[in-house]
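Novice: Below you'll find the structure I mean.
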Amino acid sequence: MEKIYRVYQVDAFTRTRFTGNPAGVVPDADGLSEAQMQAIARELHNSETAFILRPEADDHDVRVRFFTPTTEVPVCGHATIAAHYVRAIEGSAPRGSVRQLTGAGVLQVDIEPTEGDDFRIWMHQRPPTFGPVLNSAARHALVAALAIDEQDLGRGPIEIVSTGHSKVMVPLRSRTVLDQIEPDLSALAALSRNIGCNGYHLFTPADPAPGILAHARMFAPAIGIPEDPVTGNGNGPLGAYLVRHRLVSLVSGQGVFSCTMRQGEAMGRAGEVKVEATIDPDSMMPSAVRIGGEAVVVFRTELRL
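Following this line, the structure appears as structure tokens:
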């Protein structure tokens with residue numbers, strides 16, 4: 007029997023249509039097979055599409071699965087923002103906190119009302135994990151794949167960091183270097199297979215804009231994403247990385263380090279990610295991360311299957 011599914015296109019980490027990071031959202035996706043979800047994600051051709059499903063147990067309120075055009079991924083920041091923004095505007099999500107089951111476990115999402123009867127969505131990520139730092143061979147391969155020189159790198163190690171979906175943190179010395187990079191995507195994909203990490207989060211705190219701590223770009227060709235406009239699972243780990251390596255000023259007793267990252271300018275899709283890193287008072291190390299952002303619906307349609 008044919009069923010009608012609602013399908014949304016949502017721009018996340020922005021209030022302006024056609025900027026930020028587009029995500030597909032399919033609410034009430036129960037009944038779709040995994041193959042159908044993958045086909046819908048391929049057809050929409052966003053970096054990720056979120057499928058919202060009924061809960062499976064009492065430890066969560068909703069289940070969300072995330073697909074790139076080529077594969078399922080455990081969790082996605084911007085698609086989480088988009089998915090819960092759709093739930094909020096449809097009235098199916100209460101204001102406050104909900105628990106979503108993802109491939110990275112059960113994560114808390116906060117739905118915060120804003121001016122004009124709108125919403126900001128906050129996603130609690132997994133506790134940050136660090137390492138390994140890329141060895142000299144992998145570092146050389148990365149520099150070659152990015153078509154840059156060693157002197158174009160900035161302060162801090164080239165390190166794999168995860169808050170649920172790992173990324174390689176790559177510090178650069180300037181926004182000029184960041185904006186001009188045209189990577190060899192095949193070489194990056196090959197390196198991903200060797201290091202066990204699919205995403206490269208390039209960033210620089212140099213030349214910041216007012217209210218912005220760092221500018222970034224993210225490439226993940228190994229999972230079908232040549233470049234991602236605005237990446238929650240890149241900027242969340244980046245906040246933890248900056249705290250861990252003391253690349254930002256911290257005050258003893260400061261409970262939470264807060265900042266805003268901007269990404270997507272090189273693609274003409276600028277968006278902003280709010281990052282909060284909770285700091286352990288004894289070690290002054292990051293112990294938890296949440297990311298937040300706005301969203302806007304670009305269109306809604308129906309799909310009959």
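In our numbering, the protein residues as written are 7 to 311.
We put the beta carbon where it would ideally sit given N, CA and C, even for glycine.
Report the CB separation of residue 225 from residue 177 in whole angstroms; it is logged as a contact under 8 Å.
Specialist: With a Cβ gap of about 15 Å, residue 225 and residue 177 do not count as contacting.
Novice: With distances taken Cα to Cα, identify the nearest neighbour of residue 51 among 210, 104, 29.
Specialist: Ranking the options by Cα distance to residue 51, first place goes to 29.
Novice: For residue 46, name the three-state secondary structure that DSSP assigns.
Specialist: Looking at residue 46 - three-state DSSP - the assignment turns out to be helix.
Novice: Once the 5 residues before and after residue 100 are set aside, which same chain residues still bring their CB inside 8 Å of it?
Specialist: Excluding sequence neighbours, residue 100 sits near 117.
Novice: Grab the span of the alpha helix (DSSP H) containing residue 20 for me, first residue to last.
Specialist: Residue 20 -> no alpha helix (DSSP H), and no H or E assigned at all.
Novice: Grouping DSSP H, G and I as helix and E and B as strand, with all else coil, what is residue 142?
Specialist: Residue 142: helix per DSSP, three-state reduction.
Novice: Thinking C-beta only, is residue 262 closer than 8 Å to residue 340?
Specialist: This structure cannot speak to residue 340, because the chain is shown only from 7 to 311.
Novice: Using a Cβ-Cβ cutoff of less than 7 Å, which residues in the same chain neighbour residue 325 once the five nearest sequence positions on both sides are dropped?
Specialist: Given a span of 7 to 311 for the chain in the structure shown, any question on residue 325 remains unanswerable.
Novice: Let me know the secondary structure DSSP gives residue 83 once reduced to three states.
Specialist: Reduced to three states, the DSSP call for residue 83 is helix.
Novice: Check residue 153 in the structure and name its three-state DSSP category.
Specialist: Residue 153 falls in the coil class under three-state DSSP.
Novice: When burial is assigned at 16 or more other CB atoms within 10 Å of the CB, is residue 10 buried or exposed?
Specialist: Result: exposed.
Novice: Alpha carbon to alpha carbon, how far is residue 278 from residue 32?
Specialist: Distance between the alpha carbons of residue 278 and residue 32 is about 24 Å.
Novice: The beta strand (DSSP E) with residue 226 in it runs from where to where?
Specialist: First-last of the beta strand (DSSP E) with residue 226: 220–226.
Novice: Could you tell me which residues DSSP pairs with residue 29 in its beta bridges?
Specialist: For residue 29, which the question treats as bridged, DSSP gives the partners 16.
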